[in-house]
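Engineer: Just so you know, the sequences run in chain order A and B.
Each residue of the first sequence is one higher than the last, beginning at 1 in this note's numbering.
Each residue of the second sequence is one higher than the last, beginning at 408 in this note's numbering.
Every residue gets a Cβ at the ideal spot worked out from N, C-alpha and C, and that includes glycine.
Got a structure for you, questions after.
There are 2 protein chains.
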Amino acid sequence: MSTPVHPYAFAPAMREPQGSPIRELFPYMSLPGMISFAGGYPSPGSFDAGALQAAASAVMAADPAQCLQYGPTEGMAALRRELSALMAERGAPLPSEQIVVTSGSQQGFELLVKALVAPGTPVWVETPTYPAAVQALRLAGAAVRGIPSDRDGLCVESLAAMLAGCSEAERPRLLYLVPTFANPSGRTLALDRRRALLVLAARHRIVVVEDDPYGSLRFDGEPLPSLLSLAAQDAALAPWVIYLGSFSKTMAPGLRLGWMAGPAEILRRAVIAKQVSDLCTSPWLQLAMASCLADGLLARQTARIIALYRRKRDLMAQALADTFGAALRSEMPQGGMFLWCGIEGVDDAASLLPHAIAARVMYVPGASFGVDGAPSGALRLSFATASDEQIVEGVARLRQAVRASQA
Amino acid sequence: MSTPVHPYAFAPAMREPQGSPIRELFPYMSLPGMISFAGGYPSPGSFDAGALQAAASAVMAADPAQCLQYGPTEGMAALRRELSALMAERGAPLPSEQIVVTSGSQQGFELLVKALVAPGTPVWVETPTYPAAVQALRLAGAAVRGIPSDRDGLCVESLAAMLAGCSEAERPRLLYLVPTFANPSGRTLALDRRRALLVLAARHRIVVVEDDPYGSLRFDGEPLPSLLSLAAQDAALAPWVIYLGSFSKTMAPGLRLGWMAGPAEILRRAVIAKQVSDLCTSPWLQLAMASCLADGLLARQTARIIALYRRKRDLMAQALADTFGAALRSEMPQGGMFLWCGIEGVDDAASLLPHAIAARVMYVPGASFGVDGAPSGALRLSFATASDEQIVEGVARLRQAVRASQA
């Protein structure tokens, strides 16, 4: 069969996302005997399949036509009401008109990109950062620039200096971050930095995207107010924060349900983008989720997952400390799913990976979370998915891999 | 509360889609006593809620972790296998690697736009056409141009003349059409035109998007081969057709399940776009649909819906003929959901609409399906959703409206 080699030469360049952890590593993750700390997958043990199934059956029995017909692009009224109540619990009392249901929070970000980014639009992201956000920005032609972070999250002083040094054309229009239990670093933005970031955003007219899939999974310490809740208290700040919520880490990713909350004008644009993206999110799954929320399932799930993940975090942190001792540089996250660490002598975690795969353990190398492809010594280890035995054994295999790489 | 009036002035212009039938008319559709021929909604009476519910329960019981975890971006293997078998039944035997599951076929088109359209890319569409396709193209900055159609579908001779008269820069890279039981016209592209269109597409290197949500709902006449099936037989044509399938009109829109089938390189690009769009489509709903397909539900549903819609089409056509007599100009569709008609003395169906709403009947005016906003005397009447009594009564109200508009 002879077909033209490049029949679509006219089309925009389209490469696999640089360092997309899931897709590049996927073929290895299912190898027999492999222990994976790589995926950002929640523990299957955290799913309450029975409750979700019962809710789906109940809403279908109650109103099959509503479950199976097209629904409004903004989302089903019943779910938006529950989300409004949830946001109020989270300190940001917004009416349901300021909430839009999305097909997962990945879609939420993509809708924002469509609504606010044109080719060349400058967008800044905290680094290390979530790779699929960078990929969405790059496909839209955004000019992406990284802002450094440290153990207290995004370095707001560095941001201020970068802003002072850039022209009006270079000024970012969007700033993306995961302020609470970040992916990959597990870091949480300190309260004074949250306040300072909002002041800078309003002054420089930057829309801050607060991506918050992990925020409710806090193991230790006091909860911090979300950027959205801080902004909601001040009319000068309110237009500059849009919040992305997700049920993927608390209920189940397979439902593909998330939401956006924030300024009406941003949501209006996002809804127009959603019309052409998928018309609406499945009304059946939305109504099932509304029923679960009304029944208090989220609070029960969250408590269960916190207990589960706290234990797994402690187990992994202890195993790493016992195994690597003083060679370990690690940060202890107060929540979320990830440990972010370095090991003395490992300057490039990507070069270590083949040794790890040979030892049948996997992680995601730090370079995947940058914006410039620069090598990184950091490893992202998820403690959420692996069993207790796998966590202990996987860390031991990691030591074998380090030794093999230094042989 | 004082907020800046235009805080997002930097962002791309974003208007409500011109003439989006559902969104503009939605507030009226739910008025008490309103009879709507407007929505492109399938009849709720066509849904088999019991079978879908049973399938969802069964797959959840069999493998809750797979239903509730993230799935592959391309789609679940079980569903792709069933879709491969379905495409073979439809005359296009493609391996499951050449099939990608989408969150409804609206997402399929949007992924193609992302994969193949840059700002300024010329894209041609048959007219009248599906408005959400035009909106997706416009949001992406495509240069959209309409191609006329007649009772035998897209005028391929007009297309040839337009191609002969345009420069390389103006040459379309994408051509969008619904070749079988088109929305809004109900028209079907004749077989000789199908062949001629493919020859033109290959010669001028144009990717043809065959959107086929209605093709299996044929009431009369012999089935015609899809563009995809014709192209699949010829290596020179195969790179130039991509097919969009949907379960919204045969199973239920609320599942948000569709698929794409065609050249591997286009699908590779679409999958990259899908990663940033929503990561994956709900594995739970995908597995439920795979189970329904394996059980033969689609064939049973299709037979049921054909019988239901054929009767409704006949009823509406008869009512229109009885009511308007020689003043009616209408085309009798051999399948699908829509009657496309004109009434003598009605030169602008949009001007008639307020009279119709006052008489408590609704339709979508023809101008909504153009690309230039030009007035049109045509009305799109859906015969799928209304009850038999509503069809008869709605047509009588339409006559009242015409009389009122001429008073």
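1. What residue range is occupied by the uninterrupted alpha helix (DSSP H) comprising V563 (chain B)?
2. Work out the CA separation of E496 (chain B) and Y716 (chain B) for me, nearest whole Å.
3. Does the distance from the CB of G325 (chain A) to the CB of G478 (chain B) come in under 8 Å?
4. Is there a Cβ of chain A sitting closer than 8 Å to that of R719 (chain B), yes or no?
5. D754 (chain B) and G784 (chain B): beta carbons closer than 8 Å?
6. Using the Cα positions of A803 (chain B) and L704 (chain B), report the straight-line distance between them to the nearest angstrom.
7. For my contact list, L339 (chain A) and L381 (chain A) are in at a C-beta cut-off of 8 Å; report their separation, rounded to the angstrom.
8. For the alpha helix (DSSP H) containing T180 (chain A), list its first residue and its last residue.
9. Check whether the Cβ atoms of G652 (chain B) and S512 (chain B) lie closer than 8 Å to each other.
10. Cβ of D618 (chain B) less than 8 Å from any chain A Cβ?
11. Mind checking who T509 (chain B) pairs with in its DSSP beta bridge?
12. Does any C-beta atom of chain B lie closer than 8 Å to the C-beta of R187 (chain A)?
13. Can you check whether the CB of L79 (chain A) is closer than 8 Å to the CB of M289 (chain A)?
14. Which class does D557 (chain B) belong to by DSSP, given the choice of helix, strand or coil?
15. According to a CB-to-CB cut-off of less than 8 Å, which residues of the segment 285-317 of chain A neighbour chain B?
16. Rank A:A358, A:K312, A:G345 and A:Q318 by C-alpha distance to the C-alpha of A327 (chain A) and give the top, closest one.
17. Assuming A92 (chain A) and S226 (chain A) are in contact, meaning their beta carbons sit under 8 Å apart, how far apart are those beta carbons, in whole angstroms?
18. From this set, B:H611, B:D641, B:G593 and B:A589, which residue's C-alpha is nearest E617 (chain B)'s C-alpha?
19. Exposed or buried, Q813 (chain B), counting other C-beta atoms within 10 Å across all chains shown (16 or more means buried)?
20. Would you say E577 (chain B) lies against chain A (beta-carbon separation less than 8 Å)?
21. Using the Cβ count rule (16 or more neighbours within 10 Å means buried), how would you classify S351 (chain A)?
22. Between the segment 672-691 of chain B and the segment 518-528 of chain B, do at least 3 Cβ pairs fall closer than 8 Å?
23. Contact defined as beta carbons within less than 8 Å: I believe T587 (chain B) pairs with L637 (chain B). What is the distance between those atoms, to the nearest angstrom?
24. Note down, in chain order, all residues in the segment 599-614 of chain B with a beta-carbon under 9 Å from any beta-carbon belonging to chain A.
25. Between which two residues does the alpha helix (DSSP H) carrying G457 (chain B) extend?
26. Which class does G742 (chain B) belong to by DSSP, given the choice of helix, strand or coil?
27. Using the rule of at least 16 other Cβ atoms within 10 Å of the residue's Cβ for burial, across every protein chain shown, is S30 (chain A) buried or exposed?
28. According to DSSP, is V346 (chain A) part of a helix, a strand, or is it coil?
29. What does a CB cutoff of less than 6 Å around A609 (chain B) pick up in its chain, not counting 5 residues either side in sequence?
30. Sorted by chain position, which residues of the same chain lie with C-beta nearer than 7 Å to P141 (chain A)'s C-beta, five sequence neighbours on each side aside?
31. What's the gap between the Cα of G801 (chain B) and the Cα of S443 (chain B)?
32. Among A:V392, A:G33 and A:I357, which residue has its Cα nearest to the Cα of A404 (chain A)?
33. List the residues of chain A that T688 (chain B) touches, going by C-beta distances under 9 Å, in chain order.
34. Using a Cβ-Cβ distance under 8 Å, would L523 (chain B) count as near chain A?
35. Would you list the one or two residues that DSSP bridges to M362 (chain A)?
36. With three or more beta-carbon pairs closer than 8 Å as the criterion, would you say the segment 595-613 of chain B touches the segment 559-578 of chain B?
Structural biologist: On the basis of the supplied data:
1. Unbroken alpha helix (DSSP H) run through V563 (chain B): V563 to A571.
2. About 23 Å.
3. no
4. Per the sequence shown, residue 719 (chain B) should be read as Lys rather than Arg. No - not a single Cβ of chain A is within 8 Å of the one on K719 (chain B).
5. yes
6. 37 Å
7. 5 Å
8. From DSSP, T180 (chain A) is part of no alpha helix (DSSP H); its letter is neither H nor E.
9. yes
10. Interface criterion not met: the Cβ of D618 (chain B) is under 8 Å from no Cβ in chain A.
11. Bridge partners of T509 (chain B): B:G665.
12. no
13. yes
14. strand
15. Taking 8 Å as the Cβ-Cβ cut-off against chain B, the residues of the segment 285-317 of chain A that qualify are L285.
16. A:G345
17. 6 Å
18. B:A589
19. exposed
20. no
21. exposed
22. Using a Cβ-Cβ distance cut-off of 8 Å, the segment 672-691 of chain B and the segment 518-528 of chain B are in contact, since at least three pairs of beta carbons, one from each stretch, lie closer than that value.
23. With a Cβ gap of about 13 Å, T587 (chain B) and L637 (chain B) do not count as contacting.
24. R612 and V614
25. A456 to A469
26. strand
27. exposed
28. coil
29. A643, L644 and W647
30. The question names Pro, but residue 141 (chain A) is Gly in the sequence shown. The residues are P119 and G120.
31. The straight-line gap from Cα to Cα measures roughly 8 Å.
32. A:I357
33. In chain order: S103 and R256.
34. yes
35. A:S36
36. yes
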